[in-house]
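Read through the structure below, which is laid out as structure tokens, and then see the notes.
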Ligand code: SF4
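Encoded structure:
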């Protein structure tokens, strides 16, 4: 008998990874050092494109739900040594990368990249262009906090080549905004969207969060009504990850104000229904886009991929990430930088690199990463095609995974037959749980210390 959605949620709401990488970040280890990263850069396939990431960790104030590596400060002078370190790190890395390689994608995240003033935005982008060569059609995007943003900030981004912006909206309800210490009026958001359109950004993304304190289905429906009226090109609707044992400041959130499981389910259903009615297509876990968007096309063509920035069309690019805590990725290696700002700056001043930990993927890691990614991106997996690609017999190689996934199939989350696996509409809510069926590390590690947020 199929369980009702709320029972499924109760059953499957367990700590689990979001699979922006596999193996996931907790398995990166400090045995991986600078010489390993140098080797990874040296052996990288020069035909692959580049995806650059710059982490700007500064924010004016602290949002209580924040899960990012950030520093809340009003002292702008802190940006001076940090920007110098970014420049040095980019120079050191660029010296080890084939100069013929083109940047297909460039992204600034944080923190708040627009914490930087317009002149520093121009200077940083000029330095990135000096160290690397951007393709003419590169996708150049920036995360933007609408608060304290001026027209000049956006103009500086546009002038230096940014063509996409992503605004953190989260929730428009004043009670929710107060509960998470992020007050931003409707007028403010409307204005920054208008400015972006006036400046000619080709894609506007809005981020929302479900599961915030004081959120109700009625209030969030009002947020969705306003947001869809602004007609962004994409929407990312993240589930709030309450992990106060990892992010101490989340203790500032009153847990009694968090929506219960039944409300979270209704919130998610409201998102799917209202964004669907507004013409958006749900891409896997948490992204929505218009039917003509390249993410939707990539999903149809089975070329969609998942990395630390979420869903992407740039599977064939290596990520070179700069700044404290940022994570780089080549075809077979993950590398994470030192997280603490001062330590990051000191290490960059010393050698130009700040490798904290990393991981070289085994062939089994690569095969499992591909299986998890196919499920999360394509929502289906053809056993024969997958087996041909990796020279394995899928049913033999993944016999354990298929056995582990059987109960999920019995609960209606996926269909498995002799030739393929397909995620059902109900199963879309549980993609992380399905991915976990392929995760060897979860099985091998016996630990009662929570490492991940809950899957639902
Ligand atoms: S602006 Fe973003 S990075 Fe900064 S505290 Fe708020 S959520 Fe975190």
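Residue numbers (the numbering used here): 8 to 463.
Note that CB positions come from ideal geometry on N, CA and C, so glycine has one too.
These numbers come from a predicted model, not from an experiment.
For the candidate residues the options, whose alpha-carbon lies nearest to that of residue i?
{"i": "residue 415", "options": "344, 429, 402", "result": "429"}
{"i": "residue 427", "options": "322, 228, 393", "result": "393"}
{"i": "residue 333", "options": "364, 311, 323, 310", "result": "364"}
{"i": "residue 303", "options": "380, 282, 384", "result": "384"}
{"i": "residue 447", "options": "434, 404, 193", "result": "404"}
{"i": "residue 207", "options": "164, 280, 117", "result": "164"}
{"i": "residue 210", "options": "145, 154, 256", "result": "145"}
{"i": "residue 3", "options": "155, 73, 30", "result": "Nothing about residue 3 can be reported from this structure: the residues present for the chain run from 8 to 463 only."}
{"i": "residue 278", "options": "336, 338, 352, 228", "result": "228"}
{"i": "residue 305", "options": "319, 294, 295", "result": "319"}
{"i": "residue 204", "options": "39, 187, 225, 173", "result": "173"}
{"i": "residue 74", "options": "234, 199, 294, 216", "result": "216"}
{"i": "residue 70", "options": "52, 247, 114", "result": "247"}
{"i": "residue 26", "options": "431, 390, 406, 372", "result": "372"}
{"i": "residue 36", "options": "362, 13, 157", "result": "362"}
{"i": "residue 243", "options": "15, 308, 231, 57", "result": "231"}
{"i": "residue 253", "options": "76, 391, 57", "result": "76"}
{"i": "residue 513", "options": "91, 30, 21, 34", "result": "As displayed, the chain neither begins before 8 nor continues past 463, which places residue 513 out of reach and without an answer."}
{"i": "residue 295", "options": "390, 89, 234", "result": "234"}
{"i": "residue 32", "options": "240, 280, 344", "result": "344"}
{"i": "residue 113", "options": "445, 435, 335, 354", "result": "335"}
{"i": "residue 236", "options": "193, 397, 376, 269", "result": "193"}
{"i": "residue 420", "options": "386, 401, 460, 67", "result": "386"}
{"i": "residue 245", "options": "280, 268, 198, 293", "result": "293"}
{"i": "residue 459", "options": "13, 167, 21, 12", "result": "21"}
{"i": "residue 79", "options": "375, 379, 348", "result": "348"}
{"i": "residue 178", "options": "297, 199, 213", "result": "213"}
{"i": "residue 132", "options": "374, 451, 94", "result": "94"}
{"i": "residue 377", "options": "29, 13, 23", "result": "29"}
Any chance the CB of residue i is under 7 angstroms from a heavy atom of the ligand SF4?
{"i": "residue 69", "result": "yes"}
{"i": "residue 178", "result": "no"}
{"i": "residue 189", "result": "yes"}
{"i": "residue 383", "result": "no"}
{"i": "residue 152", "result": "yes"}
{"i": "residue 117", "result": "yes"}
{"i": "residue 281", "result": "no"}
{"i": "residue 218", "result": "no"}
{"i": "residue 175", "result": "yes"}
{"i": "residue 149", "result": "no"}
{"i": "residue 77", "result": "yes"}
So residue i and residue j are supposed to be a Cβ contact under 8 angstroms. How far apart are they, rounded?
{"i": "residue 99", "j": "residue 360", "result": "6 angstroms"}
{"i": "residue 201", "j": "residue 175", "result": "That pair is no contact at about 17 angstroms."}
{"i": "residue 315", "j": "residue 97", "result": "About 18 angstroms separates the two Cβ atoms, so there is no contact after all."}
{"i": "residue 381", "j": "residue 388", "result": "5 angstroms"}
{"i": "residue 324", "j": "residue 55", "result": "6 angstroms"}
{"i": "residue 462", "j": "residue 19", "result": "6 angstroms"}
{"i": "residue 147", "j": "residue 171", "result": "7 angstroms"}
{"i": "residue 321", "j": "residue 111", "result": "6 angstroms"}
{"i": "residue 15", "j": "residue 431", "result": "No, residue 15 and residue 431 are not in contact; Cβ-Cβ is about 11 angstroms, not under 8 angstroms."}
{"i": "residue 4", "j": "residue 116", "result": "Past the edges of the chain, shown from 8 to 463, lies residue 4, and the structure says nothing about it."}
{"i": "residue 368", "j": "residue 340", "result": "7 angstroms"}
{"i": "residue 445", "j": "residue 379", "result": "5 angstroms"}
Between residue i and chain E, is the shortest Cβ-Cβ distance under 8 angstroms, so that the two count as touching?
{"i": "residue 33", "result": "Looking for chain E here will not work: only one protein chain is present."}
Tell me the DSSP bridge mates of residue i?
{"i": "residue 389", "result": "427"}
{"i": "residue 216", "result": "245"}
{"i": "residue 172", "result": "149, 211"}
{"i": "residue 177", "result": "215"}
{"i": "residue 77", "result": "According to DSSP, which records beta bridges pairwise, residue 77 is partnered with nothing at all."}
{"i": "residue 342", "result": "335, 365"}
{"i": "residue 317", "result": "314"}
{"i": "residue 397", "result": "BP columns for residue 397 are empty, so no partner."}
{"i": "residue 60", "result": "114, 328"}
{"i": "residue 65", "result": "78"}
{"i": "residue 422", "result": "429"}
{"i": "residue 22", "result": "461"}
{"i": "residue 413", "result": "Paired residue(s): none; residue 413 is not in a bridge."}
{"i": "residue 288", "result": "296"}
{"i": "residue 45", "result": "Residue 45 is not bridged to any residue."}
### Task
Could you say if the stretch 439-450 and the stretch 405-415 meet the contact criterion of at least three C-beta pairs nearer than 8 angstroms?
yes
### Task
Please determine if the stretch 283-301 and the stretch 258-274 are in contact, where contact requires at least 3 C-beta pairs separated by less than 8 angstroms.
no
### Message
Using 8 angstroms as the cut-off, can you tell me whether the stretch 53-70 makes contact with the stretch 109-128, which would need three or more C-beta pairs spanning the two stretches below that distance?
### Response
yes
### Query
Is the stretch 73-90 touching the stretch 37-44, taking contact as three or more C-beta pairs under 8 angstroms?
no
### Task
Could you tell me whether the stretch 183-197 touches the stretch 214-224, using the rule of 3 or more Cβ pairs below 8 angstroms?
yes
### Query
Can we say the stretch 130-143 touches the stretch 106-113, given the rule of at least three CB pairs closer than 8 angstroms?
yes
### Query
Hey, is the stretch 307-322 in contact with the stretch 262-270, meaning 3+ C-beta pairs nearer than 8 angstroms?
no
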